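Colleague: Before I ask anything, let me first share the structure, which is written out below as structure tokens.
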Amino acid sequence: TTRLLSNSHFTRERIRQAFGVDAAFSPYGVDLTGFHPVEGSRREEYVVSVGEMSPRKGFDFVVKSLGTIPAEQRPPLKLACNMVHEDELAYIQDLARQNGVQLEVLAGVKVDGLRDLYSRARLCVYAPVMEPFGLVPLEAMACGTPVVGVREGGVQESILHELTGLLVEREAQQFGAAIQHLLANPELAETYGQNGREHLLKNWTWDRSVSILESHLADCAGLRLNRNQSTSEKK
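Adding 87 to a residue's 1-based position in the sequence shown gives its number in our numbering.
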């Protein structure tokens, strides 16, 4: 038999709407050997976001949101990008200057570098446009770092609102206020970070991901085997 798998419930619903097919949920996992709190690391005064330097990753929205925070409370922003499109980079840099946001763009950061960035950041901020799922919040939580994310797409499935971070509508003033709230309440932010790590260990490990995938494969194989057996019996 054929079974279509989806890594998020959001994507599963989009598949159903577009094709009338009910996909089965099969979640991603995070490599815990790569992403974990860095021993001895201390929080530094910056927020981090990760992803391709392209319009769909919503870095412009992050910059505008930070620009709504009073200058004396506004944190620097570090962007770790696996791929950089020069026209988008120029746009984001110009936007940061206009909004008074101190910006550092890091390209080609490896896993150990990402782990360090997550572990030292006060927060991870994540605002891609209708992201089907997105691993960034899970990587941040694996490192014990709370996340402020947009309340849309698959992002809503990884961040637990007011438990592992905050989910906010795509409105710059609201998003900026959420960032400011956690920066002003470091104990709450650390609690969210610890909760995120625990949530990830229970629900988003590769062991669990592989177990669910194996279950789907076994079901498919079993259905095929039953059909073959039935055909053989008829002969």
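Ideal Cβ placement from N, Cα and C applies to all residues, glycine included. Remember, it's a predicted structure, so these values are computed and weren't measured experimentally.
Just reading off the beta strand (DSSP E) that S136 is part of, what are its end residues?
Modeller: On the sequence shown, position 49 is the one that residue 136 refers to. Here the beta strand (DSSP E) through S136 covers 134-137.
Colleague: What's the call for Q104, buried or exposed, on a 16-neighbour Cβ count within 10 Å?
Modeller: Your numbering for residue 104 matches position 17 in the sequence shown. Its Cβ having fewer than 16 others within 10 Å, Q104 is exposed.
Colleague: Find out if the Cβ-Cβ distance for the pair Q260, S152 is shorter than 9 Å.
Modeller: One-based indexing of the sequence shown puts residue 260 at position 173. One-based indexing of the sequence shown puts residue 152 at position 65. Yes. Within cutoff.
Colleague: Roughly how many whole angstroms lie between the Cα atoms of V237 and E126?
Modeller: One-based indexing of the sequence shown puts residue 237 at position 150. One-based indexing of the sequence shown puts residue 126 at position 39. Each residue's alpha carbon lies about 30 Å from the other.
Colleague: On the DSSP bridge list, what partners appear for M140?
Modeller: Reading the sequence shown from its first residue, position 53 is the one you call residue 140. M140 pairs with V171.
Colleague: Indicate the three-state DSSP secondary structure (helix, strand or coil) for A214 in the structure shown.
Modeller: Taking the sequence shown and counting its residues from 1, the one referred to as residue 214 is at position 127. Three-state result, A214: coil.
Colleague: Please report the straight-line C-alpha distance between E131 and D109, rounded to a whole angstrom.
Modeller: Position 44 of the sequence shown, counted from the first residue, corresponds to residue 131. Position 22 of the sequence shown, counted from the first residue, corresponds to residue 109. Straight-line Cα distance between these residues: approximately 45 Å.
Colleague: From Y115, F122, V234, pick the residue whose C-alpha is nearest to that of P273; which is it?
Modeller: Here residue 273 refers to the residue found at position 186 when the sequence shown is read from its first residue. Nearest C-alpha to P273: V234.
Colleague: Determine the extent of the beta strand (DSSP E) in which V235 is found, giving its start and end residues.
Modeller: Residue mapping note: residue 235 aligns to position 148 of the sequence shown, counting from 1. That run of the beta strand (DSSP E) goes 234-237.
Colleague: Measuring alpha carbon to alpha carbon, tell me which of L92, S113, R99, R90 ends up nearest N290.
Modeller: Residue 290 sits at position 203 when you count from the first residue of the sequence shown. Considering only alpha carbons, the answer is S113.
Colleague: Counting only the same chain and skipping the five closest in sequence on each side, list residues whose C-beta sits under 8 Å from that of L288.
Modeller: Counting from 1 along the sequence shown, the entry for residue 288 is found at position 201. Closer than 8 Å at the Cβ level, and outside the excluded window around L288, lie L119.
Colleague: Are there three or more Cβ pairs, one per stretch, closer than 8 Å when the region 200-209 is compared with the region 170-181?
Modeller: Touching, no, given that fewer than three Cβ pairs across the two stretches are closer than 8 Å.
Colleague: E173: which of G154, P142, E249 sits nearest, CA to CA?
Modeller: Counted from its first residue, the sequence shown places residue 173 at position 86. Residue P142 is the option with its Cα nearest to E173.
Colleague: Given this structure, state the Cα-to-Cα distance separating E191 from P163, to the nearest angstrom.
Modeller: Translated into the one-based positions of the sequence shown, residue 191 becomes position 104. Translated into the one-based positions of the sequence shown, residue 163 becomes position 76. Distance between the alpha carbons of E191 and P163 is about 8 Å.
Colleague: May I have the straight-line CA-CA distance separating F73 from V255, to the nearest angstrom?
Modeller: Given that the chain is displayed from residue 88 to residue 322, the structure contains no residue 73 and the question cannot be resolved.
Colleague: On a CA-only basis, which of A214, H286, Y133 is nearest E139? Give me that one, please.
Modeller: For the purposes of this step, residue 139 is identified with residue 52 of the sequence shown, where counting begins at 1. It is A214 whose Cα lies nearest to the Cα of E139.
Colleague: Got a sec? Which residues, its chain only, sit under 6 Å from V149 by beta carbon, not counting five neighbours each side?
Modeller: Position 62 of the sequence shown holds residue 149. Closer than 6 Å at Cβ, skipping near neighbours: S136, V212, A214.
Colleague: With H, G and I counted as helix, E and B as strand and the rest as coil, what does DSSP make of G195?
Modeller: Counted from its first residue, the sequence shown places residue 195 at position 108. Reduced to three states, the DSSP call for G195 is coil.
Colleague: Are R209 and L166 touching if we call contact CB-CB under 9 Å?
Modeller: What you label residue 209 is simply residue 122 of the sequence shown in a count that begins at 1. What you label residue 166 is simply residue 79 of the sequence shown in a count that begins at 1. In this structure, L166 does not lie closer than 9 Å to R209 by Cβ.
Colleague: Nearest-angstrom Cα distance between F97 and G107?
Modeller: Mapped onto the sequence shown, residue 97 falls at position 10. Mapped onto the sequence shown, residue 107 falls at position 20. F97 and G107: Cα-Cα distance of roughly 14 Å.
Colleague: Check the DSSP bridge columns for A105 and list the partner residues they point to.
Modeller: To locate residue 105, count along the sequence shown from 1; it is residue 18. Answer by DSSP bridge pairing: none, since A105 is not bridged.
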